[in-house]
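Residue 168 in the working numbering sits at position 140 of the sequence shown, and the numbers go up by one each step.
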Amino acid sequence: MNVTREPSEIRERLAEITGQTIDISVEIRVPLWTDYGRNLKIGKRVFINDNVQITDLGGIELADDVLIGPGAMLLSVNHPLDPAKRHAVEVQPIHIERNAWIGAGAKVLAGVTVGENAVVGAGAVVTKSVPANTVVAGVPAKVIKTIEQVD
29 MNVTREPSEI RERLAEITGQ TIDISVEIRV PLWTDYGRNL KIGKRVFIND
79 NVQITDLGGI ELADDVLIGP GAMLLSVNHP LDPAKRHAVE VQPIHIERNA
129 WIGAGAKVLA GVTVGENAVV GAGAVVTKSV PANTVVAGVP AKVIKTIEQV
179 D
């Protein structure tokens with residue numbers, strides 16, 4: 029998947045990798061890196077920019093209308109801090125809820141849910157779940173703003 033291709037070819041290849049139908053509304057820029065793919069669920073109207081890394085062993089769900097910026101990383105795998113157990117793998121799912129936006133170079137770690145309409149600033153490292161309708165930024169990511177709903 030790391031060569032320039034037509035959007036339909038990219039969707040077809042990702043469908044093979046993930047074992048699901050990828051909606052025609054999904055746009056993916058390559059290269060895209062994933063370790064398994066079978067644990068990745070992609071909603072409708074999702075946009076994934078180039079150089080995104082997805083480690084999906086723990087499961088990753090991208091709801092409808094999610095945007096992921098270039099160079100972002102979604103990492104559902106971790107290792108224990110205990111040196112004697114460090115080679116073990118700990119997995120927890122990542123959920124990116126409807127209309128969330130993950131900025132360029134941001135890292136979302138295992139066990140995190142990014143709430144509906146939330147924004148993760150470029151370069152942020154998200155170690156804890158992000159409430160809906162908020163903007164987080166920094167290392168580690170912290171809420172810096174609430175997004176007001178416009179009717």
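Where is the CB? At the ideal position from N, CA and C, for every residue including glycine.
The DSSP-derived three-state label of residue 72 is coil. Note that the segment 61-73 does not touch the segment 109-116; fewer than 3 beta-carbon pairs, one per stretch, sit closer than 8 Å. Per the coordinates, the alpha-carbon of residue 110 lies some 16 Å from the alpha-carbon of residue 119. DSSP places residue 46 in the uninterrupted alpha helix (DSSP H) bounded by 35-46. When DSSP reads this structure, residue 49 sits in no beta bridge, so it has no partner.
Between residue 84 and residue 58 a beta carbon distance of about 17 Å is seen, past the 8 Å cut, so the two are scored as non-contacting. In this structure, the CA atom of residue 105 is about 14 Å from the CA atom of residue 89. In the DSSP assignment, residue 115 falls outside any beta strand (DSSP E), carrying neither H nor E. When the beta-carbon positions are compared, residue 122 and residue 148 stay at least 9 Å from each other. Scanning the segment 103-158 for uninterrupted beta strand (DSSP E) segments of 3 residues or longer gives 122-124 and 135-137, listed from N- to C-terminal end. In this structure, the CA atom of residue 80 is about 15 Å from the CA atom of residue 69.
Within a 10 Å sphere around the beta-carbon of residue 173 sit fewer than 16 other beta-carbons, which makes this residue exposed. In the DSSP assignment, residue 175 falls outside any beta strand (DSSP E), carrying neither H nor E. Nearest to residue 36 by alpha-carbon distance, out of 108, 134 and 55, is 55.
Burial state of residue 125 is buried, judged by a 10 Å Cβ sphere holding 16 or more other Cβ atoms. In the displayed model, residue 54 falls within coil according to three-state DSSP, outside both helix and strand.
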